[in-house]
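The structure appears right after this line, and notes come after that.
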Amino acid sequence: MPINNYLHKQYLILNIINHLGPISRTELSLLTDYRPASVSAIVKDLLDQRLILETGQSSTGQGRKRTLLEVNNEHLCAIGISFSSKHITYIVSQVNGVILYQTMSPLLPGSPKEELIQKILAKVSGLLDMFGNKKLVGIGISDPPYDPAVYQQTDSLIANYTHFNSWVHKQLKSQLEALSGLPVQTYSGVTMPAMAEQRFGVAKGVQNFICIELSNGIGASICCNGMPVGGEHGKAAELGHTVIDYSVTNQKLCYCGKPGCVETSTAFPALAAKISGALNQGVLSVLKSYQDLSDGITIQAIRWALDKEDQMCMYYVKDIAIRLGVAIANAVNLLNPKLVVLYGFMLELGDFFLRHLESSIRENVFAPLKDFEIRTSNSTETLFSLGAVAEIFSFYFKQENYRWVYQLQPESPDEKVIAQDTP
Ligand SMILES: [Zn+2]
2 MPINNYLHKQ
12 YLILNIINHL
22 GPISRTELSL
32 LTDYRPASVS
42 AIVKDLLDQR
52 LILETGQSST
62 GQGRKRTLLE
72 VNNEHLCAIG
82 ISFSSKHITY
92 IVSQVNGVIL
102 YQTMSPLLPG
112 SPKEELIQKI
122 LAKVSGLLDM
132 FGNKKLVGIG
142 ISDPPYDPAV
152 YQQTDSLIAN
162 YTHFNSWVHK
172 QLKSQLEALS
182 GLPVQTYSGV
192 TMPAMAEQRF
202 GVAKGVQNFI
212 CIELSNGIGA
222 SICCNGMPVG
232 GEHGKAAELG
242 HTVIDYSVTN
252 QKLCYCGKPG
262 CVETSTAFPA
272 LAAKISGALN
282 QGVLSVLKSY
292 QDLSDGITIQ
302 AIRWALDKED
312 QMCMYYVKDI
322 AIRLGVAIAN
332 AVNLLNPKLV
342 VLYGFMLELG
352 DFFLRHLESS
362 IRENVFAPLK
372 DFEIRTSNST
382 ETLFSLGAVA
392 EIFSFYFKQE
402 NYRWVYQLQP
412 ESPDEKVIAQ
422 DTP
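Take 2 as the starting number for the sequence shown in our numbering and just add one per residue.
Structure, rendered in structure tokens:
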């Protein structure tokens, strides 16, 4: 639906406040070239709708103080839903990424999709009641990325929703829209971590970056020139299934059908298998005195051994860090990012692992591309549903029409003095 001139102005002002707020009416007028009276009228409209708030006053050191405006963080919220092979995660998040509610419900493979849709509708119905006093702007759904369990269970329900145009995108979407009266959007899971980090996390304001998942699988999520990279079919960034060790012939095949891919040689199960194999062969290790290995080698057990400078664990963790570093360096060579964001439970291996990973990435990157940062994510469990929330807010703000706004640099706090308690 085309938006008229007034609505266009309103969205522009809302996007500027969202990105640069707290900001004064005078600054809005200067940035947009709209007359002060027009800006005041639009701001009044946004205040009446409770989309923004007056939050304090700026002091420029000259003239009178200016009232500052910012997005109404506590009022504007969205629902995010994501799927893994074992769970459905639901969150309700504020526009600033503060999560007000989160829960996971188990997903049993093989249950009929109608039953599952009814469960999801019931859950969302409860959330609509619980957050009835908020302005819910929409529901974002992250399409599940591949994982081994999904890939192998071709007959199961789960396999049926790993593709676009499946029931999530048609039946679930339309039934949720009918139930809630809200916009419901589905997104490719491969872009969700990047979108979450860009709006709420450590990649705020960064236009080119890669997120790398280090867990039971190795995954990537890419943001290029400010935009998520989903690829032709929403399945881009399969860094985990690029082959880095083509000489391997006796290693077990990955579910991607190849030996020697990044995932089979560096994900947590590969590390656990190597350590467990060494223990079985009688290699000396403090792990033999670890309290409980009845469930196999855990990340906590390896970390415990690393903290005790166990030579065997240090050897295998370093080996995996070096291999992972090669793979990530290849991705850096391909994309020239400003930032690499690491997430996933393998980060619990701690400094020893991260130190070797970082030095391997830097040693293997082509020198002209070496100017980038490496950071770790602050959220892991909710990254996919938070990505869906990030995207539903972009949809609500019609952000693609105002992309230039998001390239403006906010003033540093030092330059802006805010008196929070002044009316
Ligand atoms: Zn593979």
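Note that beta-carbon positions come from the ideal geometry of N, C-alpha and C, so glycine has one too.
{"Check": "Any non-hydrogen atom of ligand 1 closer than 7 Å to His242 Cβ", "Outcome": "yes"}
{"Check": "Short Cβ contact (8 Å threshold) for Thr243 with Ala330", "Outcome": "no"}
{"Check": "C-beta contact flag for Ser126 and Leu173 at 8 Å", "Outcome": "no"}
{"Check": "Check: Lys253 C-beta below 7 Å from any heavy atom of ligand 1", "Outcome": "no"}
{"Check": "Backbone secondary structure at Asp352 - three-state DSSP", "Outcome": "helix"}
{"Check": "Touch test, the stretch 330-349 against the stretch 203-211, Cβ-Cβ under 8 Å, three pairs minimum", "Outcome": "yes"}
{"Check": "Helix, strand or coil at Glu374 [DSSP, three-state]", "Outcome": "strand"}
{"Check": "Exposure of Pro113, with buried meaning 16 or more beta-carbon neighbours within 10 Å", "Outcome": "exposed"}
{"Check": "Proximity winner among Ala271, Cys257, Gly241, Tyr7, relative to Val263 (alpha-carbon distances)", "Outcome": "Gly241"}
{"Check": "Backbone secondary structure at Val327 - three-state DSSP", "Outcome": "helix"}
{"Check": "Buried or exposed (CB count within 10 angstroms, at least 16 for buried), Phe367", "Outcome": "exposed"}
{"Check": "Among Phe269, Arg65, Gly139, Leu70, nearest to Ile393 - alpha-carbon criterion", "Outcome": "Gly139"}
{"Check": "Closer than 8 Å to chain B by CB, Glu71", "Outcome": "Within the model displayed, chain B is absent; a lone protein chain is all it includes."}
{"Check": "Environment of Glu198 [buried if 16+ CB atoms lie within 10 Å]", "Outcome": "buried"}
{"Check": "Counted within 10 angstroms of its Cβ, other Cβ atoms place Asn6 as buried (16 or more) or exposed", "Outcome": "exposed"}
{"Check": "Where Gln153 sits in the DSSP three-state scheme", "Outcome": "Unreliable positioning characterises Gln153 in this predicted model, as indicated by a pLDDT of 44, which lies under 50. The coordinate reading is nonetheless provided below. DSSP places Gln153 in helix when its eight states are reduced to three."}
{"Check": "Heavy atom of ligand 1 within 7 Å of Thr267 beta-carbon", "Outcome": "no"}
{"Check": "Simplified DSSP state of Val333, which is helix, strand or coil", "Outcome": "helix"}
{"Check": "Cβ-based burial, Pro229 [other Cβ within 10 Å; buried from 16]", "Outcome": "buried"}
{"Check": "Cβ distance (whole Å) where Leu47 is taken to contact Thr56 below 8 Å", "Outcome": "With 8 Å as the limit, Leu47 and Thr56 do not qualify as a contact, their Cβ atoms being about 13 Å apart."}
{"Check": "DSSP three-state assignment for Ser1, whether helix, strand or coil", "Outcome": "Given that the chain is displayed from residue 2 to residue 424, the structure contains no residue 1 and the question cannot be resolved."}
{"Check": "6 Å Cβ shell around Met196 - same chain, five flanking residues per side excluded", "Outcome": "Pro229, Gly388, Ala391, Glu392"}
{"Check": "Beta-carbon proximity list for Arg65, same chain, < 6 Å, skipping 5 on both sides", "Outcome": "none"}
{"Check": "Inter-residue spacing [alpha-carbon to alpha-carbon] between Val185 and Gly141", "Outcome": "6 Å"}
{"Check": "Neighbour-count burial assignment, Ser222, 16 or more Cβ in a 10 Å radius", "Outcome": "buried"}
{"Check": "Local Cβ density within 10 Å of Glu310, reported as buried at 16 or more and exposed below that", "Outcome": "exposed"}
{"Check": "Spatial neighbours of Lys259 in its chain, beta-carbon cut-off 6 Å, leaving aside the 5 residues before and after", "Outcome": "Val244"}
{"Check": "Cβ contact (3+ pairs, closer than 8 Å) linking the stretch 313-329 and the stretch 266-278", "Outcome": "yes"}
{"Check": "Assumed close pair Thr383, Thr90 - CB separation to whole angstroms, cut-off 8 Å", "Outcome": "7 Å"}
{"Check": "Enclosing alpha helix (DSSP H) for Val461 [first to last residue]", "Outcome": "With the chain running from 2 to 424 in the structure shown, residue 461 is simply not present."}
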